[in-house]
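Notes follow the structure.
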Amino acid sequence: MDPHLLRTFVAVLDHRSFSAAASALGYTQSAVSQHIAALEADLGARLVERRPVAPTPAGARLMEHAPGLLLRLDAARADIARLHDSRPTRLTLAHSPAALGPAVARALAQLHTATQPLDLEVQVLGRQAVVEKVLTGRADVGLVDGAAAPHDPLPLPDLGPTVTLAVTEETLAVLLPSSHPLAGRRSVRLTDLTQARWIDAPDTAIPLDRLRALCRTDGFRPHLRHRGTDLHGVAELAAAGHGIAALPLSLATALPGIAAVPVAEPRLVHRTELIHPAGPADTARQLADLVTGRRPAPPDRLPS
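Residues in the sequence shown are numbered from 589 upward in steps of one, following this note's numbering.
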């Protein structure tokens with residue numbers, strides 16, 4: 589299966605248009621049509637309905653595989669390129685909004701002092717975008733957060749040749765408006781809130797589908813959908829009564845206008861994990877050592 593044809597297929601279905609896909613990819617519309625026809629001939633199945641543009645059942649099934657396949661190809665290319673690009677004084681860190689805590693901030697300050705001059709860039713992204721940045725070599729280190737049982741890893745996708753390390757585990761809390769009947773409680777049970785008004789903020793707060801999986805319920809339905817990485821915006825919406833959300837307690841208590849109540853049941857934590865390639869740049873390795881308290885690995889060996 590030709591990856592160039594597969595990229596064209598994904599673009600056509602993402603844009604729901606042959607002409608828009610051609611514009612995005614820098615092809616002519618006839619070239620896009622030829623790519624789709626060649627891919628259909630290769631797989632022996634019609635993949636795209638033309639009018640209107642939509643996936644056939646076979647196309648929908650291929651779309652379940654295509655993004656992951658293309659991401660792994662990009663990751664392989666980045667892994668090879670990394671062998672020839674040590675970038676000893678450069679570090680790009682991508683993190684989800686609630687993942688960069690005091691421990692990482694202190695480690696960055698230590699690294700800045702030890703590495704002169706350090707060209708440091710920090711990017712705030714959604715969780716999936718953080719993973720993609722690390723896999724494709726556009727970020728040296730990623731930090732992602734989520735909810736899990738104590739000491740359990742986060743449910744990340746197949747990351748290929750990467751290293752994933754636990755950074756922190758802390759109390760998970762629910763953000764409530766200060767006028768909420770539960771705002772004065774010492775703790776809450778998530779199962780008592782399955783039918784509450786929730787803010788669906790999958791790139792900022794704990795995703796609602798994750799809460800459904802952890803509590804084994806079909807509740808936690810969104811009252812409002814928030815797209816983006818603005819933590820303060822989610823807090824303002826919660827404070828105004830638009831819904832509630834789940835975040836780490838230390839961060840939630842620092843947000844204005846809301847009450848943060850720890851989650852008592854089920855027994856969950858807010859967990860942050862660090863991701864870097866199996867063969868990281870020196871600055872990425874040093875940051876990982878500082879954040880996790882590991883002894884530095886020898887330069888010619890991968891971290892365990």
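In this text, a Cβ means the ideal position worked out from N, Cα and C, and glycines have one as well.
Non-local beta-carbon contacts of residue 805 in its own chain, meaning distances under 6 Å to residues more than five positions away in sequence, involve 782 in chain order. Taking every protein chain shown into account, the CB of residue 684 has 16 or more other CB atoms within 10 angstroms, so this residue is buried. In the structure shown, residue 847 falls within a strand segment according to DSSP collapsed to helix, strand and coil. For residue 880, the closest C-alpha among the options 798, 696, 600 is that of 696. In the DSSP assignment, residue 711 is bridged to 682.
Between residue 762 and residue 834, the C-beta spacing is below 7 Å. The DSSP-derived three-state label of residue 795 is coil. Each residue's CA atom was taken as its position, placing residue 808 and residue 802 some 11 Å apart.
In the DSSP assignment, residue 734 is bridged to 859. Counting only the Cα atoms, residue 637 lies some 10 Å from residue 604.
Inter-residue distance for residue 713 and residue 817 is about 7 Å (C-alpha atoms, whole angstroms). As the crow flies, the alpha-carbon of residue 758 is around 7 Å from that of residue 836. In the structure shown, the three-state DSSP call for residue 777 is strand. Within the model, the alpha-carbon separation for residue 612 versus residue 625 is close to 19 Å. Residue 756 is a Cβ neighbour of residue 860, given a cutoff of 7 Å.
The beta carbon of residue 746 lies closer than 6 Å to none in the same chain, with the five residues before and after it left out.
Just measuring C-alpha positions, the residue of 662, 634, 767 sitting nearest residue 644 is 634. An exposed status is given to residue 616, since fewer than 16 other beta-carbon atoms sit within 10 Å of its beta-carbon.
Nearest neighbour of residue 665 by Cα position, chosen from 777, 780, 723, 594, turns out to be 723.
When the Cα atoms are used, residue 811 and residue 831 turn out to be separated by approximately 6 Å. Counted as a single uninterrupted DSSP element, the beta strand (DSSP E) harbouring residue 788 occupies residues 786-788.
From the listed residues 681, 740, 708, the smallest Cα separation to residue 717 is found for 681.
The three-state reading of DSSP puts residue 753 in strand, counting E and B together. Excluding its 5 nearest sequence neighbours in each direction, residue 623 has C-beta neighbours in its own chain below 8 Å: 592, 593, 596, 597, 615, listed in chain order. Setting aside the 5 residues that flank it on each side, residue 659 is surrounded in the same chain by 720, 723, 724, each with a C-beta closer than 8 Å to its C-beta; the list follows chain order. Assignment of residue 813 by DSSP, reduced to helix, strand and coil, places it in the strand class. Bridge pairing for residue 720: absent [DSSP].
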